[in-house]
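Down below is the structure, laid out as structure tokens.
Numbering (our numbering), first residue to last: 562 to 845.
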């Protein structure tokens, strides 16, 4: 990873260290994301994300001490437990935490002896990268998925923790993550909505935009995030990028398990699945 004071060879942009974060988002890209970040911050604040209490962050993902998003954190905790117990290597790895948010996963990875780098474009002091000051164990980098300020083959794992669906181009995003991985490296996707069919994801996206427009006065679509994955898309990405996907299913409890049946009985669209997707280079 290039440090503060280093300049991009292509555009001359100089990296700066501010508030414990390496700033690697160029001015034109910051302007591009300005409305998205404003909208995102408005929604997250309304949802009660973050806290002024350090103990709130140290308890994540196992407890939401604010009590405002406990159901969602129970999902995150189940995913983390499965990932930690079944997929996370015991040896110390260099890990890219992409879409790291407040840095809770990098904190957990550090506690396991790994060497994470937390990456996000959202640097809010309560809910973004600046909140990682409560942990203080790992580097934080303000950068976007498709323009990562890292050398080739620098990491062993690239983890998208409830974040890949913010990508505007899965081919570009996964290719950039793969560039940063060593030959034996893997991409891990946690808690991004997966649908069997594309049209179900499109229905979800339309519902979400209508809800945001009604509740907040904007549709939260200033950046064309893809917002979901679907099964045939995974096959397409596998073919185009030379990836081999493995799918793992954590247990989220009976209430979650019954969601598809309830949707079918009530005539609603099928809900998304949350699972763990692991991609490695396909064997020739």
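For every residue, glycine included, the Cβ atom is placed at its ideal position computed from N, Cα and C. Predicted, not measured: the structure shown is a model, and the values here were computed from it.
query, result
"For residue 792, three-class secondary structure by DSSP", "helix"
"Cutoff 8 Å; reference residue 608; Cβ partners in own chain excluding five residues on either side", "629 and 630"
"Cβ pair residue 770, residue 752 closer than 8 Å", "no"
"Sheet register partners of residue 652 (DSSP bridge)", "Looking at the DSSP assignment, residue 652 forms no beta bridge with any residue, so it has no partner."
"Buried versus exposed call for residue 826 [16 or more other C-beta atoms within 10 Å across all chains shown]", "exposed"
"Within 8 Å, strictly: CB atoms of residue 746 and residue 718", "yes"
"Segment limits, alpha helix (DSSP H) that includes residue 748", "Here residue 748 belongs to no alpha helix (DSSP H); instead the beta strand (DSSP E) covers 742 to 751."
"Inter-residue Cα distance where the pair is residue 590 and residue 707", "11 Å"
"Where the beta strand (DSSP E) containing residue 805 begins and where it ends", "804 to 809"
"For residue 676, the first and last residue of its enclosing beta strand (DSSP E)", "676 to 681"
"Buried or exposed (CB count within 10 angstroms, at least 16 for buried), residue 808", "exposed"
"Residue 736 versus 651, 612, 645 and 804, residue with shortest Cα-Cα distance", "804"
"Nearest-angstrom Cα separation, counted from residue 610 out to residue 815", "26 Å"
"Beta-ladder partner(s) of residue 841, from DSSP", "805"
"Assigned secondary structure, residue 721 (DSSP; H/G/I helix, E/B strand, else coil)", "strand"
"The segment 686 to 698 touching the segment 636 to 651, judged by at least three CB pairs closer than 8 Å", "no"
"Residue 726 classed as buried or exposed, judged by whether at least 16 other C-beta atoms fall within 10 angstroms", "buried"
"For residue 668 and residue 696, the rounded distance between their alpha carbons", "6 Å"
"Assigned exposure category for residue 653 - 16 Cβ within 10 Å defines buried", "exposed"
"Nearest neighbour of residue 838, chosen from 698, 578, 775 and 806 [CA to CA]", "806"
"Spatial distance of residue 832 from residue 575 (CA atoms)", "44 Å"
"DSSP-derived helix/strand/coil call for residue 589", "helix"
"Burial state of residue 722 (16 or more Cβ within 10 Å)", "buried"
"CB-CB length for residue 648 against residue 664, believed under 8 Å", "Wrong, their Cβ atoms sit about 20 Å apart, outside the cutoff."
"Proximity to residue 658 [Cα-Cα], best of 625, 701 and 620", "701"
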